[in-house]
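Going by my numbering, the sequence shown opens with residue 465, and the numbers climb by one from there.
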Amino acid sequence: MNVEHAQNHTENHAIYSAGYQCPSNIALVKYWGKKSGGVQLPANPSISWSLGDLYASTVVHALPRENDQAFVFTLGGVSKASFEPKIASFLTKIASDCPWLIDFTLHIDSQNNFPHGTGIASSAAGFGALGLCLAHIEQLIHGAPALDGRVNNMDFWQRSSYLSRIGSGSACRSMFDKPAVWGLSEAVNGSSDLFAVPLDGEIHPDLQGWKDVVLIVDDGEKSVSSTDGHALLEAHPYAGARFGQAQKNLGLLVEAMRSGDVQRFIAIVESEALQLHSMMMTSLPYYLLMRPNTLAIIEKIWQFRESSGLPLCFTLDAGANVHLLYDGKIDKTLMNFVNTTLLPYCKNGQYLCSDTGKRPAAIV
Ligand code: PMV
465 MNVEHAQNHT
475 ENHAIYSAGY
485 QCPSNIALVK
495 YWGKKSGGVQ
505 LPANPSISWS
515 LGDLYASTVV
525 HALPRENDQA
535 FVFTLGGVSK
545 ASFEPKIASF
555 LTKIASDCPW
565 LIDFTLHIDS
575 QNNFPHGTGI
585 ASSAAGFGAL
595 GLCLAHIEQL
605 IHGAPALDGR
615 VNNMDFWQRS
625 SYLSRIGSGS
635 ACRSMFDKPA
645 VWGLSEAVNG
655 SSDLFAVPLD
665 GEIHPDLQGW
675 KDVVLIVDDG
685 EKSVSSTDGH
695 ALLEAHPYAG
705 ARFGQAQKNL
715 GLLVEAMRSG
725 DVQRFIAIVE
735 SEALQLHSMM
745 MTSLPYYLLM
755 RPNTLAIIEK
765 IWQFRESSGL
775 PLCFTLDAGA
785 NVHLLYDGKI
795 DKTLMNFVNT
805 TLLPYCKNGQ
815 YLCSDTGKRP
825 AAIV
């Protein structure tokens, strides 16, 4: 991989740099709830597709530290104080994993290629990209050939995934072109709570090359953050049942993806989306992130699938927007449906399109 990195030696120390473009991802089986103890460990396994066309681009320069400043953050070259607490907390959490951080001030510049305020989870792409940059710099510092050496017995992608996870759980699944599985599951070889792994084995051609249209229903701030939403699972009356369902659904979904059972795939993905939102509606306190147009779009999708018989389904993130997943082979028909039928339900007619299954790329 052609990673540009600078090693300009100052008096005693080197300056290390890395840059990555990292996709966002959409979960098919949802991560919702954390294990108690440990740092950001999932209560159940999840699986996602990366959204290669919705990504963060991040460049990090690690300069020898001259004061107590751990990092400087800019968003597209402009200071963004509101992002600083999350990054500060992330760097504190990984301090024991990355003792080298204490010797450097990180100059982090990041930006997303999708508009802010569209309700798209930017933390997965953002922390994914940051984890990749840190894992890369770490390898440079250790003198290991970039993208080749192992740190703490993890290869580069596992280590990037591991570090990203600590920033934002779902971010750890943004590292692979194959479906990414995070969380221990008997159905997936090598699966771990600590980092995501690419799904082993062949995926049936009918479940490759799918695409995602994100229909923007609401572009405002969520009324309950994901962090608070996860925490509500701790005392949730249905938590145990949900975690069991997710385990089971992961096994069934993996089986469907390997065998090409598109109908079963669709049923599990849609059920997972509704289970996620059911857990929100039955949390104490309860809350609701779907909006009237979320439901209107879901019903239109169901009607269209019923009448056309085409391979498509919806899923939801922790928000009001609808992700319309479909086999890329029906792109033209699908986009016609979106533009004629779904557009009126989208806020200011906004939607975003992405391929699935692209992995991060090094950037200058
Ligand atoms: O990564 P977090 O803490 O923002 O949690 C995100 C959880 C969902 O997006 C709702 C589901 C998932 O698995 O991505």
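Beta carbons: idealized from backbone N, C-alpha and C, even for Gly.
A quick note: this is a predicted structure, and the numbers were derived from the prediction, not measured.
Starting from Trp621, trace the alpha helix (DSSP H) in both directions and tell me its first and last residue. 620-631 is the span of the alpha helix (DSSP H), which, as asked, contains Trp621.
Roughly how many angstroms separate the alpha carbons of Leu697 and Gly501, rounded to a whole number? Going by the C-alpha atoms only, they are around 14 Å apart.
Of all Cβ atoms in chain B, is any one closer than 8 Å to the Cβ of Ser687? Absent from the structure: chain B. Only one protein chain is present.
Say whether the region 588-598 touches the region 486-498, bearing in mind that this needs 3 or more beta-carbon pairs closer than 8 Å, one atom from each stretch. The region 588-598 is in contact with the region 486-498.
Where Pro549 sits in the DSSP three-state scheme: Of the three classes helix, strand and coil, the one that applies to Pro549 here is helix, per DSSP.
Throw me the rounded Cβ distance for the Lys498 and Leu740 pair, which I believe falls under 8 Å. The C-beta separation of Lys498 from Leu740 comes to about 15 Å, leaving the pair out of contact by the 8 Å criterion.
Answer yes or no: the CB of His694 versus the heavy atoms of the ligand GTP, is any distance below 7 Å? In terms of ligand content, the structure shown lacks the ligand GTP and carries the ligand PMV instead.
In chain order, what residues of the same chain have a beta carbon less than 6 Å from the beta carbon of Leu570, not counting five sequence neighbours either side? Correct list, in chain order: Val524, Ala526, Phe535.
Where do the N-terminal and C-terminal ends of the alpha helix (DSSP H) with Ala695 fall, by residue? 690-695 is the span of the alpha helix (DSSP H), which, as asked, contains Ala695.
What separation, rounded to the nearest whole angstrom, lies between the Cα atoms of Gly654 and Phe568? Rounded to whole angstroms, Gly654 to Phe568 spans 34 Å at the Cα level.
Segments assigned beta strand (DSSP E), at least 3 residues, entirely inside the region 656-714: Those beta strand (DSSP E) runs which fall completely within the region 656-714 and span 3+ residues are 660-662, 674-679.
Any heavy atom of the ligand PMV within less than 5 Å of residue CB: hits in chain order: This criterion selects Ala491, Lys494, Tyr495, Ser510, Ser632, Gly633, Ser634, Ser690, Asp781, Ala782.
In chain order, what residues of the same chain have a beta carbon less than 7 Å from the beta carbon of Leu834, not counting five sequence neighbours either side? Lying before the first or after the last residue shown, residue 834 is absent from the chain, which here runs from 465 to 828.
Closer than 8 Å is the cut-off here; do at least three beta carbon pairs connect the region 679-690 with the region 529-543? No: the two stretches stay apart, fewer than three of their Cβ pairs being nearer than 8 Å.
Quick one: measure Cβ to Cβ for Val678 and Tyr815, integer angstroms, because I've assumed they're closer than 8 Å. Approximately 6 Å separates the beta-carbon atoms of Val678 and Tyr815; this is inside 8 Å, confirming the contact.
Rounded to whole angstroms, how far is the Cβ of Ser649 from the Cβ of Gln711, which I believe are closer than 8 Å? Confirmed, Cβ separation roughly 7 Å.
My output table needs one value for Ala610: the three-state DSSP class, helix, strand or coil. With a pLDDT of 48 at Ala610, under the threshold of 50, the predicted position of this residue should be treated as unreliable, and no value is reported.
Using C-beta distances below 6 Å, list every residue in its chain close to Arg728, excluding the 5 sequence neighbours before and after it, in chain order. Closer than 6 Å at Cβ, skipping near neighbours: Ala720.
Determine the closest residue to Phe537 out of Asp573, Trp564, Gly516, with distance taken between C-alpha atoms. Nearest to Phe537 by alpha-carbon distance, out of Asp573, Trp564, Gly516, is Asp573.
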